[in-house]
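A quick write-up on the structure given underneath.
2 protein chains.
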Amino acid sequence: MTTITKAACIGGGVIGGAWAARFALAGIDVAIYDPHPEAARIVGEVMANAERAYGLLTMAPLPPKGTLTFFNSIAEAVEGADWIQESVPERLELKRGVINQIDAAASPTALIGSSTSGLLPSDLQAEMKHPERLFVAHPYNPVYLLPLVELVGGAKTSAATIEKAKTGVAQIGMKGVVIAKEIEAFVGDRLLEALWREALWLIKDDICDTETLDDVMRYSFGMRWAQMGLFETYRIAGGEAGMRHFLAQFGPCLHWPWTKFTDVVDLDDALVEKIGAQSDAQARGRSIRELERIRDENLVGIMQALKSGNGGEGWGAGKLLADFEKRLWAEAGVKEAAPDTSAPLRLLDTRVNAAWVDYNGHMTEHRYLQLFGDTSDALLRLIGVDFAYVEAGHSYYTVETHIRHLGEAKLGQRLYTTLQILSHDDKRLHFFSTVNDAETGAALATAEQIMLHVDSAAGKSAPAPAAVLEKIAAIADGHARLPAPEGVGRHVGQKRA
Amino acid sequence: MTTITKAACIGGGVIGGAWAARFALAGIDVAIYDPHPEAARIVGEVMANAERAYGLLTMAPLPPKGTLTFFNSIAEAVEGADWIQESVPERLELKRGVINQIDAAASPTALIGSSTSGLLPSDLQAEMKHPERLFVAHPYNPVYLLPLVELVGGAKTSAATIEKAKTGVAQIGMKGVVIAKEIEAFVGDRLLEALWREALWLIKDDICDTETLDDVMRYSFGMRWAQMGLFETYRIAGGEAGMRHFLAQFGPCLHWPWTKFTDVVDLDDALVEKIGAQSDAQARGRSIRELERIRDENLVGIMQALKSGNGGEGWGAGKLLADFEKRLWAEAGVKEAAPDTSAPLRLLDTRVNAAWVDYNGHMTEHRYLQLFGDTSDALLRLIGVDFAYVEAGHSYYTVETHIRHLGEAKLGQRLYTTLQILSHDDKRLHFFSTVNDAETGAALATAEQIMLHVDSAAGKSAPAPAAVLEKIAAIADGHARLPAPEGVGRHVGQKRA
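Residue numbers (numbering that gives the first Met the number 0), protein chains in the order written: chain A, 0 to 496; chain B, 0 to 496.
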């Protein structure tokens, strides 16, 4: 797998900044060039949004964050970079000039992606010395959350470049979708444009207002498209008779005089003002920041829901997330050194997710157990019980858990968990975990748990192998010197000593 | 609130059958007329899908299911119905004839909704004696899950009819969105048609195949549209500069020669075959039934994710679901008689949801605690601690939980929970719950828990009021005569006696 070790972002606005954030959060150092006086502030804001979103999206162990460094010239920024992403304003001459400068200064093997949403890669690469490594890599807002990248090659782009580009975006958790032929606006913006034109007519003609139109989308086909797109949805609509039958039925109405987008709507001042006023009313006083937060939390929630889809295998953007997380876990496992056993192990750092709170904004009871479960999963990886181990037929199952609630956690609150091994034998693992507030260190909940090593196929307990038992012993020996945690060995309702 | 007590469905295909399922699952008896020889089978299949989807979607207490009765004439079916839904094939003369028959036979105050996806209500009501009660109620597939209903009145439809229609669809968990002016295909299908035309060109011109196009949608703007629609999404894109600024930027490109839908694509045999073959490849051998199952589970997951959105208040289709559930709980509370205390209370009947399982298809550990939490919530409602009580400032918080895992639950498995009160005083409530397999009755997990009555604002325990304590005592007195459950009072790891 080709890996990006250093990236350069030329142009650091909302799009370029989000590319930078994606790279840095995947552990890749990023060089940035943007002459805009506010570039550092804008990139910083996008980075903060991206970090918050990742914190909600995944509890997989992100690698140490890559650095963000600003440079005063394109030549300095692209030096040593193996992926250079151009995100300057959407004007052909400007982009071509910038790309030519990148081309001249960068290593000839570096990949050059353009964030253009409409210009043809053949036009962008026309004057390059090494045009074969130029391609369009068109992302979607919010770029730090939505995984799509349209990959489009021009006449001179090599097939190898497109393959490397696919691998590259996968490295930062994105989905590279290859468009077969270059056309202006590619595929996504073509579809968006079609819907947008018709929407403008519906507002102009007073068929509905902007809120009604949005409601029509989000209470119905928006949810269909979020997980299956257009054709697979219609395949189901065709039923057992199939896609061809569906098309035969749907075909004739294309000739009916329905849609108005065959005329170009005049987006004059009156229409702009009408839409602006309706949009203001629809927002109900929510600021752009608030809407952004709501949108990001919703997108996180949708991706997490899709991660559990298809019987737990994951579906669409959720499957992509699951695969990304598996890789992060695998890489984290490789890097892990012998743990410090002079204190309980600190195993999880997280934040209270929007999906975890009740209507009072407090973390729901069962999410504490989720955190305890993720904590014991982290311990299992430390002792060699990882995905591969489980797939080979053995695992540890929790048989008993005693939780005490000592405080409350609220939306967005930073938390960490610790774990201390209490006792163990060849089958049993007995330990005590704590969920703590990250600022004060105060314990919000504790769990005493016992897990049993099992043969999954037989559905019976079985002794763990020596390699696992040795790793357990190494931690348990250290923990045996620690005092027993307050609250161990109690039954429900037992008075404090 | 106007309530529907009896509904009639004239036409019982996939759409009519799903209307029938929605009504029946909301406790409303349904009369069906459909001369198709397979009508009963089709309605039965849709009903089964709907029941499965509802089982995944919500654990709120559905009322006793309404009956489905088939009749041999329209006149018999509509007798006594206060909502009549017409879902016959999409031909004006056919629909008009059916609607005229309904009009003649039904009570003059009965509402008549048409499921048409494109015909004008003014045309449908032209020959009616009581045209003021005719409106379009256009739903979206799968109708038993997607909540949208476009409500469109014709020239003779009364404003009161549209208001009653909104209330009526809310009663069955749907969202009535009123379209201001009637046009062919209303709002949703106009937007779908625009995107569909452009999509057909992209396939015909070999810009991409159907899978690529679907991926472009579902990894990006599909997820935006599922929760915010079009205009609110672009409002954010405009940033602090606002919607008007965004429109000013976007306006000019409407005149660019991008989109091809200004020409009508010829959906000839070659294009039908091309799309059919690409769609076959994309399905990877999955049957329509499998795709339907995946889609429904994804839609359930998205709606559940959105239910936790907006800081726990719910957003879009998720807010609608939350409101629907609140009403179901409130109505269930009103109807509940004094509980039978001669055995542990049976409080929850559910099925293992797709979002609850790990990659092995087993219910994840923390979902057991979710079931125990839902079980104790059900107990709280029984003793008068409902939404209103909590909003007024007091509640019970769980302080301690001891779970033992005795078995496993798999995707789709039916479960029920029981609860036995062990002890109580003016602040504490100590009880023992069990998650059982619904077929064998075997206990899969047990939980011993203590909850404390609290003053939420003060964040301190406080005595519960007499009315609550009386209800607790009534149950606890009965439960005191039951044997102590096996496993009470144990600490983690304690050997069995």
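Idealized CB from N, CA, C, for every residue including glycine.
Quantities reported herein were computed from a predicted structural model and do not represent experimental measurements.
- Only buried fits Asn309(B), as 16 or more other CB atoms lie within 10 angstroms of its CB.
- Against Ile474(A), chain B offers no close residue; the least beta-carbon distance is about 18 Å (beta-carbon pairs closer than 9 Å).
- When Leu144(B), Tyr143(B), Leu145(B) and Lys163(B) are compared, the shortest CA-CA separation from Gly152(B) is found for Lys163(B).
- Pro138, Tyr139, Asn140, Pro141, Leu144, Leu145, Pro146, Leu147, Val148 and Glu149: these are the residues of the segment 128-153 of chain A whose beta carbon lies less than 9 Å from some beta carbon of chain B, given in chain order.
- Annotation for Ala442(B): the continuous beta strand (DSSP E) segment containing it runs Ala442 to Asp454.
- DSSP places Asp279(B) in the helix class (H, G or I) of the three-state scheme.
- Residue pairing of Glu50(A) in beta bridges, as defined by DSSP: absent, with no partner found.
- What Asp214(B) touches in chain A, judged by beta-carbon distance under 9 Å, is Leu147, Lys174, Val176, Gly228 and Gly315, going in chain order.
- Under the DSSP assignment, Thr349(B) falls in the beta strand (DSSP E) whose first and last residues are Leu344 to Arg350.
- Here Asp436(A) carries a strand assignment [DSSP, helix/strand/coil].
- What Met362(B) touches in chain A, judged by beta-carbon distance under 7 Å, is nothing: the nearest beta carbon there is about 10 Å away.
- Beta-carbon to beta-carbon, Trp18(B) and Val186(B) are separated by about 20 Å, too far to satisfy the 8 Å threshold.
- Shown here, Gln303(B) sits in a helix according to DSSP, grouped into three states.
- Contact annotation, Thr397(A) with Ser422(A): C-beta distance approximately 16 Å; criterion of less than 8 Å not satisfied.
- Per DSSP, the unbroken beta strand (DSSP E) holding His393(B) starts and ends at His393 to His404.
- By the neighbour-count criterion, in which a residue is buried when 16 or more other Cβ atoms sit within 10 angstroms of its Cβ, Thr416(B) is buried.
- With a threshold of 8 Å between beta carbons, Phe69(A) makes no contact with chain B.
- By the C-beta criterion, the segment 82-99 of chain A is judged not to be in contact with the segment 37-45 of chain A, since fewer than 3 inter-stretch pairs fall below 8 Å.
- Distance check between Glu447(A) and each of Ile471(A), Ala456(A), Arg132(A) and His490(A) places His490(A) closest, using alpha-carbon atoms only.
- Taking a cut-off of 8 Å on C-beta distances, the segment 292-305 of chain B does not touch the segment 229-237 of chain B, as fewer than three cross pairs fall below it.
- Runs of alpha helix (DSSP H) with 4 or more residues, each lying fully within the segment 60-105 of chain A, are found at 73-77 and 91-104, listed in chain order.
- DSSP places Thr374(A) in the helix class (H, G or I) of the three-state scheme.
- Under the Cβ criterion (8 Å, minimum of three pairs), the segment 378-396 of chain B does not count as touching the segment 434-449 of chain B.
- Interface flag for Ile235(B) against chain A is set, since a Cβ pair is found closer than 8 Å.
- In chain order, His490 make up the part of chain B whose C-beta sits under 7 Å from the C-beta of Arg489(A).
- Neighbours of Gln369(A) in chain B, taken as residues whose beta carbon is under 7 Å from its own, are His365 in chain order.
- Interface residue (Cβ-Cβ distance to chain B less than 8 Å): Lys426(A) is not classified as such.
- In the displayed model, Asp208(A) falls within coil according to three-state DSSP, outside both helix and strand.
- Close CB contacts of Gly26(A) within its chain, under the 8 Å cut and outside five residues either way in sequence, are with Leu61, Pro62, Pro63, Lys64 and Gly65 (chain order).
- The beta carbons of Gln226(A) and Gly172(A) sit about 18 Å from each other, so the pair does not count as a contact at 8 Å.
- With fewer than 16 other beta carbons inside 10 angstroms of its own, Glu438(A) counts as exposed.
- Between the segment 361-375 of chain A and the segment 339-353 of chain A there are three or more C-beta pairs closer than 8 Å, enough to call the two in contact.
- What Thr433(B) touches in chain A, judged by beta-carbon distance under 7 Å, is nothing: the nearest beta carbon there is about 15 Å away.
- For Val168(B), the enclosing alpha helix (DSSP H) begins and ends at Ala158 to Gln170.
- Residues of the same chain with a CB within less than 8 Å of the CB of Leu270(B), apart from the 5 flanking positions on each side, are Leu199, Ile202, Lys203 and Val264 in chain order.
- Residue pairing by DSSP places His429(A) opposite Ser422(A) and Ile449(A) in a beta bridge.
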